[in-house]
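In full-length UniProt numbering, the protein residues as written are 1 to 138.
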């Protein structure tokens with residue numbers, strides 16, 4: 001992949017880097033090493049303070065094959081009926097299962113996991129385990 005097309009890391013003018021800046025740098029280092037292909041797309045995970053997002057991306061074509069989040073219509077209804085907060089690990093596991101179902105429907109069996117610079121812990125780990133339970137191989 002051409003490095004000129006990749007987004008550059010966000011830099012700030014302050015002397016010390018914030019937690020977000022450090023996460024973005026970690027993610028950029030990881031993205032320089034891994035990329036999703038047509039045979040094995042990338043499962044990218046992002047978490048905000050409120051929600052968890054997951055996408056299956058083919059980087060060679062620059063196309064998102066499947067996506068799910070705690071904002072997805074079906075999952076939001078499930079969360080509200082079960083009285084589960086979107087911030088929880090169980091909600092993140094549901095996102096993993098949902099993105100695995102969408103990926104299977106798009107014909108994806110194997111993926112490369114991209115944790116987005118976050119630690120493999122908590123919601124990120126729950127998305128990975130949910131995707132594995134849903135049938136994705138990584």
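Yeah, the Cβ is synthetic: ideal placement off N, Cα and C, and Gly gets one too.
Counting along the chain, residue 137 sits inside no beta strand (DSSP E), nor does DSSP assign it H or E at all.
Two segments are said to touch when three or more pairs of C-beta atoms, one from each, lie closer than 8 Å; by this definition the region 68-81 touches the region 41-52. Here residue 19 is exposed. Its C-beta has fewer than 16 other C-beta atoms within 10 Å. Secondary structure note for residue 72: it is in no beta strand (DSSP E), with a DSSP letter that is neither H nor E. Burial is judged here by how many other beta carbons sit within 10 angstroms of a residue's own beta carbon; residue 119 has fewer than 16 and is exposed. Per DSSP, residue 45 is not a residue of any alpha helix (DSSP H); the beta strand (DSSP E) it occupies stretches across 42-47.
Secondary structure at residue 59: coil, using DSSP grouped into helix, strand and coil. A straight line joining the alpha-carbon of residue 103 with that of residue 29 spans about 26 Å. About 7 Å separates the beta carbons of residue 110 and residue 138, which is inside the 8 Å limit, making them a contact pair.
Exclusion of the five residues before and after residue 39 leaves 110 as the residues of its chain whose Cβ lies within less than 8 Å of its Cβ. DSSP places residue 24 in no beta strand (DSSP E) but in the uninterrupted alpha helix (DSSP H) bounded by 19-33.
The Cβ atoms of residue 100 and residue 134 lie closer than 9 Å to each other.
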